[in-house]
Amino acid sequence: MREKRLWRFWRLYRFSFFSYLFVSLSECRRRLSAVFSGIDNCQSVTSITESLGKLFIPCDCLCELRVDQSEFRKNFPLFILIMADKIRRQLQEIALGIDDEIINLPSELCEEAINETRFSLVAKPVNARKQNLRAMLTTLPRLWGVSEEVTGQILENRKIQFLFQSDEVMASILRRGPWSFNDWMCVTEKWNPDQSDEDLKHIAFWVQIRGIPLHFLTARMVTHIGENLGHFMETDFVGDGAILVDFVRVRLLCHIDVPLRFQRKFQFGNQACILKLRYEKLRNFCSVCGLITHDAADCPSGNNPPPPPEEDDDEDPYYNPEDTETNPPEEP
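Under the working numbering, the sequence shown has 115 at position 115, and the numbering climbs by one with no breaks.
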């Protein structure tokens, strides 16, 4: 019976309801801009609070919509409360207190903290919609085989910091990468004090190159091809005394916002060849544009609507730590 009343409410008043919601949230957004810029803080906060108050009180909202309050008092949509709660949390980003006296911390305390965090790396998911931070926090140490030797904590901007007991263990983790979680890649970088979000947008892949004519297969040629494919790091092809091989490998540092390429044309003198590329340990990617940050269903290039903005799931209790994927073995 309750579901029928809610459905009736939705059918009768959905257009008026969304119009009211749009106006209320638009006013809040306009006021938030003034608050964050430090202009007219008191008046803006008061206006936002009044607007949110209407969203939180079903009677006021229903009155604006000219809805029978007695019939639909208990059918006020829950997601409106969630939206209003998010706006309330955003209000706490205002700059009140920024001009107060600076608090100086003891230098020995700062040195102690730096010493305790010197063996740490930062991990970040490439697909926020498919990779839960809390699940990553508990699962990655198990994939690395060091669950008893590492501690982790979730940082802002969807990052995780893992603290190791020694530099050798941390270096081993980085050397065995790249790593993936829930079938999507993860960025893993050694932490440094000057690290920025832009530094956490690179993944080093070993790339197999197939199709180089045998009479052009030299170490210098492989290096030159790798340099034309992207940010070249190294190659394990030596050339001297090498037997016939199906492919050669180069290590490239790939930016997650740059589409991957799987075939490239090269001109070897008078001979044109198509070289095929295979990225070792690569998991899901978009088959439409080549990015590793989304799949084809969410690709804007495929006339799909852009995915919703990233949500902070630090407080999300609904995840399955077992819903993960270890790094698969390399395929020849």
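Where is the CB? At the ideal position from N, CA and C, for every residue including glycine.
All values derive from a computational prediction rather than experimental measurement.
- A direct Cα-to-Cα measurement between Asn182 and His255 gives close to 20 Å.
- Within the same chain, Pro141, Phe162, Phe164 come within 6 Å of Val150 by CB-CB distance, once the 5 residues on both sides are set aside.
- The segment 274 to 289 makes contact with the segment 204 to 214: 3 or more CB pairs, one atom from each, lie closer than 8 Å.
- Scanning Asp257, Glu234, Thr218, Arg210 for the CA closest to the CA of Val187 turns up Asp257.
- His294 counts as buried, since at least 16 other C-beta atoms from the protein chains shown sit within 10 angstroms of its C-beta.
- Across the structure, Phe285 and Leu105 are spaced so that their CA atoms are roughly 45 Å apart.
- For Thr235, the number of other beta carbons within 10 angstroms of its own is at least 16, and it is reported as buried.
- When rounded, the separation of the alpha-carbon atoms in Asp298 and Ile103 is 46 Å.
- Within the segment 201 to 233, the complete beta strand (DSSP E) segments of 3 residues or longer fall at 202 to 210, listed in chain order.
- Relative to Leu200, the option among Leu260, Val122, Ile225, Ala113 whose CA is nearest is Val122.
- Beta-bridge partners of Leu163 (DSSP): Ser120, Thr151.
- Of the candidates His231, Lys130, Gln153, the residue whose Cα lies closest to the Cα of Leu137 is Gln153.
- For Ala272, there is no enclosing alpha helix (DSSP H); the enclosing beta strand (DSSP E) covers residues 271 to 279.
- Taking a 10 Å sphere around the C-beta of Ile82, we find fewer than 16 other C-beta atoms and assign the residue as exposed.
- If you compare the alpha carbons of Pro213, Thr223, Arg264 with that of Asn270, the shortest gap goes to Pro213.
- Within the segment 91 to 121, the runs of alpha helix (DSSP H) that reach at least 4 residues and sit entirely inside it are, in chain order, 107 to 116.
- Contact check for Arg264 against Leu229 passes: the beta carbons are separated by less than 8 Å.
- Taken through DSSP and simplified to helix, strand or coil, Ser287 comes out as coil.
- Rounded to whole angstroms, the separation of the alpha carbons of Arg210 and Thr223 is 14 Å.
- Straight-line measurement puts the Cα of Leu143 at about 36 Å from the Cα of Glu108.
- By alpha-carbon distance to Asn157, the top candidate from Leu133, Glu112, Asp167 is Leu133.
- Within the model, the alpha-carbon separation for Val146 versus Ala219 is close to 37 Å.
- In the DSSP assignment, Leu260 falls outside any beta strand (DSSP E), carrying neither H nor E.
- Secondary structure at Arg176: coil, using DSSP grouped into helix, strand and coil.
- Under a 10 Å Cβ-count criterion, Pro125 is classified as buried, with 16 or more other Cβ atoms of the shown protein chains found around its own Cβ.
- It is roughly 10 Å from the alpha-carbon of Glu93 to the alpha-carbon of Ile87.
- Taken through DSSP and simplified to helix, strand or coil, Val169 comes out as helix.
- If the five residues before and after Asp100 are omitted, its C-beta is found closer than 8 Å to no C-beta atom of its own chain.
- For Trp144, the enclosing alpha helix (DSSP H) starts and ends at 133 to 144.
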